[in-house]
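Participant: Chains Z, E, C and V are the protein sequences, given in the same order.
Numbering of the first sequence is given in our numbering, commencing with residue 134 and proceeding in unit increments.
Numbering of the second sequence is given in our numbering, commencing with residue 134 and proceeding in unit increments.
Numbering of the third sequence is given in our numbering, commencing with residue 134 and proceeding in unit increments.
Numbering of the fourth sequence is given in our numbering, commencing with residue 134 and proceeding in unit increments.
Glycine included, every Cβ here is placed at the ideal spot set by N, Cα and C.
These numbers come from a predicted model, not from an experiment.
First, the structure itself, so that you have it in front of you.
There are 4 protein chains.
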Amino acid sequence: MIYYSDYLQLDKVLDAQHPESDKHGAPAHEEMLFIITHQTFELWFKQVLFEVGSIIKLLDRDYVPESDVAVCHARLRRVNRIMELLCDQFSLIETMTPSEFMDFRAFLNPASGFQSMQWRILERTLGLAQDRRVLKHYTDALAEQHKQQLDAATAGPSLFDVVQRWLEKIPFMESGAYAFWDAYKTAVQNMLENDRREVRTLAETEHRDPSEALNQIDANERGFLALFDAGQYAELLQQGSRRMSQTATLAVLFISTYRQYPLLQLPYQFLDAVIELDKLVSLWRYRHTMMVSRMIGMRVGTGGSSGHEYLMRTTMQQRVFDDVTSLSSFLIPAHATPALPAEIADRLQFVNETR
Amino acid sequence: MIYYSDYLQLDKVLDAQHPESDKHGAPAHEEMLFIITHQTFELWFKQVLFEVGSIIKLLDRDYVPESDVAVCHARLRRVNRIMELLCDQFSLIETMTPSEFMDFRAFLNPASGFQSMQWRILERTLGLAQDRRVLKHYTDALAEQHKQQLDAATAGPSLFDVVQRWLEKIPFMESGAYAFWDAYKTAVQNMLENDRREVRTLAETEHRDPSEALNQIDANERGFLALFDAGQYAELLQQGSRRMSQTATLAVLFISTYRQYPLLQLPYQFLDAVIELDKLVSLWRYRHTMMVSRMIGMRVGTGGSSGHEYLMRTTMQQRVFDDVTSLSSFLIPAHATPALPAEIADRLQFVNETR
Amino acid sequence: MIYYSDYLQLDKVLDAQHPESDKHGAPAHEEMLFIITHQTFELWFKQVLFEVGSIIKLLDRDYVPESDVAVCHARLRRVNRIMELLCDQFSLIETMTPSEFMDFRAFLNPASGFQSMQWRILERTLGLAQDRRVLKHYTDALAEQHKQQLDAATAGPSLFDVVQRWLEKIPFMESGAYAFWDAYKTAVQNMLENDRREVRTLAETEHRDPSEALNQIDANERGFLALFDAGQYAELLQQGSRRMSQTATLAVLFISTYRQYPLLQLPYQFLDAVIELDKLVSLWRYRHTMMVSRMIGMRVGTGGSSGHEYLMRTTMQQRVFDDVTSLSSFLIPAHATPALPAEIADRLQFVNETR
Amino acid sequence: MIYYSDYLQLDKVLDAQHPESDKHGAPAHEEMLFIITHQTFELWFKQVLFEVGSIIKLLDRDYVPESDVAVCHARLRRVNRIMELLCDQFSLIETMTPSEFMDFRAFLNPASGFQSMQWRILERTLGLAQDRRVLKHYTDALAEQHKQQLDAATAGPSLFDVVQRWLEKIPFMESGAYAFWDAYKTAVQNMLENDRREVRTLAETEHRDPSEALNQIDANERGFLALFDAGQYAELLQQGSRRMSQTATLAVLFISTYRQYPLLQLPYQFLDAVIELDKLVSLWRYRHTMMVSRMIGMRVGTGGSSGHEYLMRTTMQQRVFDDVTSLSSFLIPAHATPALPAEIADRLQFVNETR
C-alpha cells in the first residue's frame, strides 16, 4: 500500500521553501513565488532530460527501426509541450514587479539562474558545442565539483550526434542519386533565378537599389552549391558555418523533398519536431532574457556577469539545429520536384502495401 | 553566500522521483511524467495557498483600507494566472495515453489524487461549505491524522467569510438608499418585462411554446424581489439557494451598478477577480475529471470510489462564489441606472479630486 | 502581382465591425471586443471544418493507405491546436465584465451564439447524433433557410462514420482471434477481480461500505463481456449505451493493446488524437457555458432559451467519441497482455524490416 | 431584430478566403491556414488599435483623474492578454512545415507580412520613433497611397507621448524633493558600492578578472547620476541613449519607490502594464522572426529584403518603453528607501482615509 503524499515524497518537496528574506528578518512576500517558480522549472528540466535521454538511447544504434522513430517522435512532441509550458511560466514570475524583486534580491547573492546544473546539462545533451558558448566565463563560473558533475552527466553522445548518425544511415540515396541531385540542383537554381527577377522588378517599381537583396541571393546560391562539393563542404565545416556532416545534410534535403513517401513521413515529422525543440529552447532563452532585463535592468547579475548582454547574445546565436532549420532556404515546391527513379521510389513504400 | 542549488534545496526536490514500476521491476517510461506533473501541481498549490492566505489576512479586519484592496486584487490576479497554468498543465499529463498509464497504474494502489491534502485545504480556504461536498465519503477517506491536519489548517475564516464581511462594511448604502433601490427594482422589472415580450415575439415567429422560458423569467423575478425582503431572504439562506448575507449581496449589486465611481472601481475589479478564481477552480476540476475519465474510463478509482461520477457532480455543483456570479442576472444597463443621491455620489469620489 | 491587403481581402474583413450600440447612439466600448472575438471564432471554425473535411475525404474509402493515416493524424493535431487556442480565447472575451456586457446586450436581440451555423455544421460533421441533442428546440430555433443550408453542408458521412468504417476494415483480427480474445477476457477479469479485492481491503481498513464501488465493478464487467456477445452488443446499441459497431469497438481494443507493433502505431496515435478532439470540443462547450453564465447569470438567453441549463447539459452529455474514450475501462497492463499468434504478429511489422 | 450572421457580417468575413494556389490550378492544402491565421492577426490588431487609441484619448489631457488611470489599466491588461494570444497563435501557423509552405509561396509574390498597414500603425501608435527603424527601406516599401494612409492614421500623439505627458504632471515631487533625491542617490550609490564589493569577492574566489563587470557598474553609476543633471541628461537625449524627458523619468523612479502609497498604486500598476506591453510586442516580433526564418531560411523575403537579418535586428532594438524598463537598474530595496517628508506622504493618501 502506498499513499499519495508518500508516493510523491511531499514531505521533502513541500518543505523546501525557506525564503532568505525571512531569515534576514525582512520578509518579502514575493520571494515564495520566486522560489517555487524556480523549483517547478527544475522539476520540468528533469522531465525533459529524462525524455531526451531516452530518445538518444533509442537512436544511438546501428539500425533504428521505423517504430522507434515513432516513439522518439511522440516523446519529442511531449518535450515540446513541456517547453511551451515553461515559456508560459515566465508570465507567472513576471507578476512580480522589479521593485518587489529588489526587496529580497540582495539576500540571494551570489545565487543565480546561471548556476542551474540541469540547464547546462540540457544544453550539452542537446548538442550545444562548447565553442559556441558566447562567454568562456560561463563554464568558469562553476565550482570544480560541478564541472566534473557536468562532464559526467554529458559523457555520452548528444541529441545532435545521434540525429546526425541516424540521418547518415538513411539509405535510398546512393543509387541513381547523381541524376536525382542534378535535377534538384537545376530546380533550386531556377528558383533562385526567379528570386533575382522578382527582386529586380520590385526594385524598379519602387526605385530602390536591389544590390543588397541580390547579394544575399548569390550567397544563398554559393551556400547551396557547396552542399554537393566535398571540398567546399569541408571548408564550411572548418569555418563553423555548417556543423552537420554532408551526408546527413543531404539526407535532410531528401527527406523534406520526398516527405509524402510512406517511409519518409515519420522521419520528416521527427525532424520537424527537432527543429521545433530548437526553436522552443531559443524562445525559453529569449523569455528568460526579457525577464532578467526587466527585473534588474542593466545591473550586474548576482552571478557576477553582465546578464543582459550575455543572455541576449546567447539567445540569438546558440541554436543547435540551425543547420537543419537553414535548409528551408533550399526547399523546392512540389511541382518542381524531380521524380524519383523507380528503384528508389519502390523502396519508400511500405512493402505490405506494394503487393 | 548562498548557492542556487542550496537555495532551492534541489537535493531534496530533485531526489523525490522514485517510480513504483521500477521497484516492481517493470519500469514504465511514463511514470516519471506522472510523478513530476503531480509534484509541480503540489508546488503551485502551495503558492496559491500562500497568496490566498495573505489576502484573507488583509481582509479579515474591521476596516480594510482602499490600498489593501489594491494589494488583494494584484495577488488574486497572480493566483488566477497560476490557476490558468495549472489548467494548461493537464495537456502535459495527457501526452500519456491510457494504455501507457495502465502499465503502472496497478502499482500505485491506493495512492490517488483524492488524497491531496493541499487541494482539500484550498477548497476549505476558499470557503467550500462542508455540506456542499457531494459525497460525505470524501472526508471519510482521510486518515484520522490527516483529518486533524486539515481541520487545523483551515481553522480561520475562509475567503468567502472575509469577502462577505468586507462587503457588509462597505458604506454608502444606508442613507437615501430606499429611493435608490426602488428605482433599481423598477429598472430590473422593466428589463424582465422586456425579456418576456421578446420571448413571446420570438416564440410566435418560430411557432414554439414560450412557457419554459417565461417560467424561468418568473423565477428570476421572484429571486430578484427576494433580495430586498429580509423574511424571504432568510428563507433562501435556509434552503441553501443563497449563501451570502443579504447586506453583502446588495453591496455586490451596488458596486456593480456604480462601478465607474472612483471609490468603487477597485472593489469592482477585485470582485471580478474573485469570480474569475471561482471559475478557474471549476475549470481545474473539469479538466481533472476529463483527464481521469480518459485514463481509467468508468473503472473504480484507485482511491476506491467511482471517480468519474463523483468528479463530474462536484465540477458542476461545487462553486464557492456562485452567489456573486449569479447576480449578473440582475444587472441593468448604464442608461437604465438610477442616479445616485448627491450625498452618496460625493462620497464615492476621491476627496482629493473633489476639491 | 498580389498585395498583402488584397490577398487577405482586408477591405472586407476589417470593415465588418459595426457596433449596434453606436447605431443606437449609446456607444458601449466593449462591443468591439464582443464582435471581433466572435469573428475570429468563426474564422477558426472555418479552418477546423476545412481540415476535418479533408480528413473525412481521406478516410472515406475502401482502403486507406498507411501514409494517409499519417496525413490525417498531422491534420487532426493541427485541429486540436486550433481548438486549444479557441478555448484560451474565452479569456479574452472574459476581460469584459457582466456589467459592461449589459450596456449593449439589449441591442443584440435576438442575435445569439446559438445561431452559429458553422458550429452546428461542425457538430454534425464530427458526428453528433441528432437524438443526442439535449433540446429538440435547438434545431427549431433555426430559420427554414438555415436548416436547409445545414442539411446540405452535412449530407456526407461524418468523422464518426468514417473512423468507424476505417476501424472495421483493419485486418489482423480474424484468424486465431478466438484464442487471443479468450486470453484477453481472462486478463480483464483478473484485473477486475483485483479491483474488487482492493476495494474490500480498503473499505475494511476505513470501516466503510464497499457496495457502491463493487456494484460499479460488476457493471463494468457486464459491459466488458457484452463487447464479445453479438446479441448483447446489439441491445447496447439499441439502448444507445453504445454507438460504435462491435467490430470497430474490438478494433480499438486491439489497436490499443498492441500499439507498439509498427503497423499499429500510427492508427493508435490517430485514435488518441480523435479522443483529444472530442475532449477539446467538450472543453470549448464548458468554457462557453461558463462564459455565458457569468455574463447573464440565470437570465434567458437572447436566443430565447434558458442558456445556462441547456448549455451545461450539452457540455456533459454530447460527446461524439465517448465510445472510444470509455474503452480505457478495459485496457490491460503490458505484463498481462496475451502474446499475439505469430501469424498475426508478423503481419504487424513493416515488411521491409522483417526481411 | 438582428441576426447573428448579419450582426457579425459573416457573409463578408467568411467569404474572404481564396487561395492563390487554387487559382493557379495547384491547390496547396496549407494555404487556407496561412490566410486565416493572417486574417485573425489583422482582426486582433484592429482590436488592439481600438483599445490603445481609447487609452491615448483618456491620457491626452491636462488633468487625468485617478479613475481614468484605472480604466486605462484595465484596458491595457486586455491588450496584453490579446498580445499573449497572438504570440501563441504562431504555434498554429507553425503546424505548417517549410516544405508545405514552399508549395504555394511562389504564388504570393510580392505579398508579404511586411505590408501589414495595421502593424505599422500600431508601431507608430505605441511611439516607435522613426529613426529607430532599423532599415529606412521599411517605409520605402510602402506604396505612396499607403504612406499617406499611415501618416493620417498616426497624426495624433502616441502612447509614449501621452504616458510621458501624464508622468510629467504627477505632482508631489517639487517640494522637499531635494532632500529626498539626495537620500535616494546615496541609497543607490551604496547599492552599487555593494555590487562592486561582491564582484571583487567572487572574482577572487574564482580567480577571474573582475574588470568587465566593474566597468559595467561604473557605467550604470554614470547613467544614474546623469538622471539628476539637466545638462548631462540633455546630452543623453541628444545621443538617443534616453528618450523620455528628465521629469517623466524621475516620476517613474518616484512612483516605483513609493508604490505602496495609496495614490501611487494604480499609476505603478499601469506603468507595469506598459512595460508588459512593450515586452509582448517584442515577443511577438521574436516569434514572427523565428517563424519566418523557419519557413524560408535565409532566402530573400517575398517583400524583397533579407527577412531574417532585418527582423532579428528589429526584435532586439525596437523597444518603445526601454527607458522605463531600464530604470529597474536603479531601484532600491524597501529597507533602503528614504522616508518621504510628511507633507508629501500626506498627499499620497486618499483624503477620505486620512480623516
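Nearest to E/S410 by CA position, among E/M377, E/Q150, E/M216 and E/R376, is which residue?
Facilitator: It is Leu, not Ser, that sits at residue 410 of chain E in the sequence shown. Nearest C-alpha to E/L410: E/M216.
Participant: So does the region 470-483 of chain C actually touch the region 390-408 of chain C, counting three or more Cβ pairs closer than 8 Å?
Facilitator: Output reads yes: the region 390-408 of chain C touches the region 470-483 of chain C.
Participant: In the DSSP assignment, the alpha helix (DSSP H) including E/K412 goes from what residue to what residue?
Facilitator: E/K412 -> alpha helix (DSSP H) spans P395 to I429.
Participant: For the 8 Å Cβ check, are there 3 or more pairs between the region 200-210 of chain E and the region 197-211 of chain Z?
Facilitator: These segments do not touch.
Participant: Under 8 Å Cβ to Cβ from Z/A336, same chain only, skipping five residues before and after it: list those, please.
Facilitator: Excluding sequence neighbours, Z/A336 sits near D342, P343 and A346.
Participant: Using the Cβ count rule (16 or more neighbours within 10 Å means buried), how would you classify C/H151?
Facilitator: It is exposed - the Cβ of C/H151 has fewer than 16 other Cβ atoms within 10 Å.
Participant: Out of curiosity, what's the CA-to-CA distance linking Z/F361 and Z/Q372?
Facilitator: Rounded to the nearest angstrom, the two C-alpha atoms are 17 Å apart.
Participant: Out of Z/T334, Z/D294 and Z/N327, point me to the one whose CA is closest to Z/I350's CA.
Facilitator: Per the Cα distances, Z/N327.
Participant: Quick one: list the residues of chain C neighbouring E/P395, beta-carbon separation under 7 Å, in chain order.
Facilitator: Under the 7 Å cutoff, chain C gives no residues; its nearest Cβ is about 16 Å from E/P395.
Participant: Pick out whichever of Z/V332, Z/F167, Z/V425 and Z/E175 has its Cα sitting closest to the Cα of E/T170.
Facilitator: Measuring from the Cα of E/T170, the nearest candidate turns out to be Z/E175.
Participant: Whose Cβ in chain V lies nearer than 7 Å to the Cβ of C/S224?
Facilitator: Under the 7 Å cutoff, chain V gives R214.
Participant: Under a Cβ-count criterion, where at least 16 other Cβ atoms within 10 Å of its own Cβ denotes burial, should Z/D148 be classed as buried or exposed?
Facilitator: Label assigned to Z/D148: exposed.
Participant: Using a C-beta to C-beta distance shorter than 9 Å, which residues of chain E count as neighbours of C/H162?
Facilitator: Within 9 Å Cβ-Cβ: nothing; C/H162 doesn't reach chain E, min ~11 Å.
Participant: Could you confirm whether any beta carbon from chain B is found closer than 9 Å to the beta carbon of C/V204?
Facilitator: No chain B appears in the structure shown, which is made up of the protein chains Z, E, C and V.
Participant: Output needed for C/K145: all residues of its chain with C-beta closer than 7 Å, excluding positions within five of it in sequence on either side, in chain order.
Facilitator: So no residue of the chain qualifies.
Participant: Hey, out of E/V295, E/L255 and E/L386, whose CA is closest to E/L283's CA?
Facilitator: The shortest C-alpha separation from E/L283 is found at E/L255.
Participant: C/L460: which of E/R432, E/W314 and E/F313 sits nearest, CA to CA?
Facilitator: The shortest Cα separation from C/L460 among E/R432, E/W314 and E/F313 belongs to E/R432.
Participant: Note down, in chain order, all residues in the region 418-431 of chain E with a beta-carbon under 8 Å from any beta-carbon belonging to chain C.
Facilitator: Those would be Y419, R420, M423, S426, R427, M428, I429, G430 and M431, in chain order.
Participant: Are V/A161 and V/E233 close, meaning C-beta to C-beta below 9 Å?
Facilitator: Yes; because the gap between Cβ atoms is below 9 Å, this pair is in contact.
Participant: Check for me: the alpha helix (DSSP H) holding C/F237 runs from which residue to which?
Facilitator: That run of the alpha helix (DSSP H) goes P231 to R238.
Participant: Just checking: is the beta-carbon of C/F313 within a distance shorter than 9 Å of some beta-carbon in chain V?
Facilitator: For C/F313, the answer is no, since every Cβ of chain V falls outside 9 Å of its Cβ.
Participant: What's the gap between the Cα of V/S438 and the Cα of Z/R355?
Facilitator: Low confidence applies to V/S438: its pLDDT is 46, below 50, so where it sits in the model is not reliable, and the reading given next is rough at best. Their Cα atoms are separated by approximately 18 Å.
Participant: Residues of the region 463-474 of chain Z in Cβ contact with chain V at a cutoff of 8 Å, in chain order, please.
Facilitator: Answer in chain order: F463, L464, I465, P466, A467 and H468.
Participant: In the DSSP assignment, the alpha helix (DSSP H) including C/D195 goes from what residue to what residue?
Facilitator: From DSSP, C/D195 is part of no alpha helix (DSSP H); its letter is neither H nor E.
Participant: Along the chain, where does the alpha helix (DSSP H) containing E/R210 start, and where does it finish?
Facilitator: From DSSP, the alpha helix (DSSP H) with E/R210 extends over E199 to I226.
Participant: Could you tell me which whole alpha helix (DSSP H) segments of length 4 or greater appear in the region 276-303 of chain C?
Facilitator: The qualifying runs are 277-286 and 292-302.
Participant: Three or more C-beta pairs closer than 8 Å, one from the region 248-262 of chain C and one from the region 277-296 of chain C: is that the case here?
Facilitator: As far as the Cβ criterion goes, the region 248-262 of chain C touches the region 277-296 of chain C, which means the pair count is three or higher.
Participant: Going by Cα to Cα distance, which pick from C/F293, C/Q251, C/K190 and C/N323 is closest to C/R123?
Facilitator: For chain C, the structure presents residues 134 to 488; residue 123 of chain C sits outside this window and is missing.
Participant: From E/L261 to V/S138, what does the alpha carbon distance come to, in whole angstroms?
Facilitator: Those two C-alpha atoms are separated by around 41 Å.
Participant: Using CA coordinates, which residue listed in V/T390, V/L370, V/Q222 and V/Y136 is at the minimum distance from V/F178?
Facilitator: Among V/T390, V/L370, V/Q222 and V/Y136, the Cα nearest to that of V/F178 belongs to V/Q222.
Participant: Would the region 310-319 of chain V and the region 465-475 of chain V be scored as touching if the rule is three or more Cβ pairs under 8 Å?
Facilitator: Yes, they touch.
Participant: DSSP three-state label for C/L141, please.
Facilitator: The answer is coil: DSSP assigns C/L141 none of H, G, I, E or B.
Participant: What are the start and end residues of the alpha helix (DSSP H) that includes V/S378?
Facilitator: No alpha helix (DSSP H) holds V/S378; DSSP gives it neither H nor E.
Participant: Can you confirm whether V/R211, when its beta carbon is compared against all beta carbons of chain C, has any partner nearer than 9 Å?
Facilitator: Answer yes: the Cβ-Cβ gap between V/R211 and chain C drops below 9 Å somewhere.
Participant: Buried or exposed: V/N348, going by 16 or more other Cβ atoms within 10 Å of its Cβ?
Facilitator: The residue in question, V/N348, is exposed, as its Cβ has fewer than 16 Cβ neighbours within 10 Å.
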